[in-house]
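Taking numbering that gives the first Met the number 0, I'd label the letters of the sequence shown as residues 0 to 393.
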Amino acid sequence: MSSDWGRIDDEGTVYVRTADGERAVGSWHAGDAEAGLAHFVRRYDDLATEVTLLEKRLASGAGDPKATRAQAATLRESLPTAAVVGDLDALAAKLVTITEAAQLKLVERSAEREKAKADAVAAKEALIAEAQAIAETSTQWKRDGDRLRAIPEEWKLIKGTDSKTDDALWKRFASARDAFSKRRGTHFASLDNERSAAKSAKERLIAEAEKLAQSSEWRETADALKELMQQWKDAPRSGRAEEDELWKRFRGAQDVFFARRSEQFAERDAEQEGNKALKLAIIAEAEALSIANPKAAQTALRGIQERFDEVGHVPRDSMRPLDDRMRAAEQRVREAVDAEWRGASTETSPFLIALRARLAEAEEKLAKAVASGDPARIAKAQEQVEARKSLLAI
Numbered sequence: 000m001s002s003d004w005g006r007i008d009d010e011g012t013v014y015v016r017t018a019d020g021e022r023a024v025g026s027w028h029a030g031d032a033e034a035g036l037a038h039f040v041r042r043y044d045d046l047a048t049e050v051t052l053l054e055k056r057l058a059s060g061a062g063d064p065k066a067t068r069a070q071a072a073t074l075r076e077s078l079p080t081a082a083v084v085g086d087l088d089a090l091a092a093k094l095v096t097i098t099e100a101a102q103l104k105l106v107e108r109s110a111e112r113e114k115a116k117a118d119a120v121a122a123k124e125a126l127i128a129e130a131q132a133i134a135e136t137s138t139q140w141k142r143d144g145d146r147l148r149a150i151p152e153e154w155k156l157i158k159g160t161d162s163k164t165d166d167a168l169w170k171r172f173a174s175a176r177d178a179f180s181k182r183r184g185t186h187f188a189s190l191d192n193e194r195s196a197a198k199s200a201k202e203r204l205i206a207e208a209e210k211l212a213q214s215s216e217w218r219e220t221a222d223a224l225k226e227l228m229q230q231w232k233d234a235p236r237s238g239r240a241e242e243d244e245l246w247k248r249f250r251g252a253q254d255v256f257f258a259r260r261s262e263q264f265a266e267r268d269a270e271q272e273g274n275k276a277l278k279l280a281i282i283a284e285a286e287a288l289s290i291a292n293p294k295a296a297q298t299a300l301r302g303i304q305e306r307f308d309e310v311g312h313v314p315r316d317s318m319r320p321l322d323d324r325m326r327a328a329e330q331r332v333r334e335a336v337d338a339e340w341r342g343a344s345t346e347t348s349p350f351l352i353a354l355r356a357r358l359a360e361a362e363e364k365l366a367k368a369v370a371s372g373d374p375a376r377i378a379k380a381q382e383q384v385e386a387r388k389s390l391l392a393i
């Protein structure tokens, strides 16, 4: 009994045909030759099915290339002794193809792993570069501190690096993170020192302000407090909570002084308003003097003037109007006295005779002063002459 790929001889020996010739694969004595040959063909079919499954699993990606290559090699090695009847040469060729395909997939996977490793290294290098930039230049301490705490979580999600490479990369990141932490610590230590110095400076300003708060030198103290305020603005700030508390104390000392000054000024203003009212009453009295008897009016005016001058300060904006009204009242009496004096006989008045004599005496002194050439004497003598003339209304 024979077929394309094998035969059974009369003694029951089963042969398979290959490119290298025939070889015995077994014997059959359990039945007729056709059944025996079919038995060995089915065994070939089982082997071929195994090879086909191996091929399909590799092609679909379900099969591991390395394991597939090993299985294909094992099957190829078993073919020369396989107790089967079938196209073993085709099966061997198929296994070679599977082996080559498996090897190609191994190369591809290796390339993919290398690419994944390169991508992973690049991603972690990017995180390292970000951390190094933060460590070198950042002053956004909270924001970038939070960012450096978040990077390790991102780091864990990046797969593909081997442990040796990952350890080296991690050390670089950790170094940058430590550098940032050190620089941040230095910054806040310096800031604490600055705030402590600022607090001390403002404590000194507060002490000065509190000392000035009880001063009654209103103008000088107000100027001094203004200067302290400028120093406060120029001084660095301490911590927010401390700064608010220091400001309350500093402002409180100023408020004490200005409240006292306001109270004092209110008392002064009230006193000056009273003086103003008093002067108005005195002025009204002067304005009401009767000038029917100029001499009597002049005598009464002297007493009024003395009382007017004895009154204390009045509001600044009232000083000039009050003085002007008083001068007008005085001028009214003076003009009445002058009019009465001019109405008397200029020839027989002993007073006028005496004034003319004093004028002549003054003119004689002026002549002597001019003769001396002394400017000071001339000026003084001239003033006396003019004064005598004004009295005589010449």
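All residues carry an ideal CB built from backbone N, CA and C; glycine is no exception.
Under the three-state reduction of DSSP, which class applies to residue i: helix, strand or coil?
i      : result
SER344 : Annotation note: pLDDT 48 at SER344 (below 50); position unreliable, no value reported.
THR160 : coil
VAL336 : helix
ALA394 : Here the chain comprises residues numbered 0 to 393, so residue 394 is not present and cannot be evaluated.
GLY251 : helix
VAL95  : helix
GLY302 : helix
ARG183 : helix
THR73  : helix
ARG236 : coil
ILE127 : helix
GLY5   : strand
THR138 : coil
VAL369 : helix
VAL313 : coil
VAL83  : coil
Tell me which residues share the same chain as residue i and place their Cβ nearer than 7 angstroms to its Cβ, disregarding the 5 neighbours each side in the sequence.
i      : result
ALA100 : LEU57
ARG376 : ALA368
LEU78  : LEU87, LEU90 and ALA91
ALA212 : ALA252, VAL255 and PHE256
ALA223 : LEU211
GLU193 : PRO235
ILE157 : ALA119, ALA122 and LYS123
ALA47  : GLY85 and LEU90
SER317 : LYS275
THR164 : VAL120
Report, in whole angstroms, the separation of the C-beta atoms of residue i and residue j, which I expect to be a contact under 8 angstroms.
i      : j      : result
ALA197 : ARG236 : 6 angstroms
LEU354 : ARG333 : In fact, because the Cβ distance is near 17 angstroms, the residues do not count as touching under 8 angstroms.
ALA328 : ALA296 : So it is not a contact: roughly 10 angstroms between Cβ atoms.
GLN271 : PRO314 : 5 angstroms
LEU74  : LEU94  : 6 angstroms
VAL120 : THR160 : 6 angstroms
TRP169 : LEU126 : Between LEU126 and TRP169 the Cβ distance is about 10 angstroms, and since that is not below 8 angstroms, they are no contact.
PRO293 : GLU339 : 5 angstroms
ARG341 : ILE290 : At roughly 15 angstroms, the Cβ-Cβ gap does not stay under 8 angstroms, so ARG341 and ILE290 are not in contact.
Less than 7 angstroms between the beta carbons of residue i and residue j, yes or no?
i      : j      : result
ILE97  : GLU124 : no
LEU25  : VAL15  : Note on residue identity: the sequence assigns Gly, not Leu, to residue 25. Contact: no.
ILE281 : ARG301 : no
ALA188 : ALA130 : no
TRP140 : ARG183 : yes
PHE179 : ALA134 : yes
ALA361 : VAL384 : yes
PHE249 : ALA208 : yes
ALA200 : ALA149 : no
ASP145 : SER137 : no
GLY11  : HIS28  : yes
ALA285 : ILE303 : yes
ARG260 : TRP217 : yes
Within its chain, find whatever has a CB closer than 6 angstroms to the CB of residue i; leave out the 5 residues flanking it on each side and keep chain order.
i      : result
GLY62  : ARG56
GLU226 : none
GLY311 : ASN274
LEU469 : The structure shown has nothing for residue 469, since the chain only spans 0 to 393.
For residue i, which residues in the same chain have their Cβ closer than 8 angstroms to its Cβ, ignoring the five residues on either side in sequence?
i      : result
ASP8   : TYR14
LEU105 : PRO64, LYS65 and ARG68
LEU365 : ILE377, ALA380, GLN381, GLN383 and VAL384
SER2   : LEU36, VAL40 and VAL84
Does the pairing of the region 81–90 with the region 25–43 give three or more beta-carbon distances under 8 angstroms? Contact between the region 81–90 and the region 25–43 is present, because at least three Cβ pairs lie under 8 angstroms.
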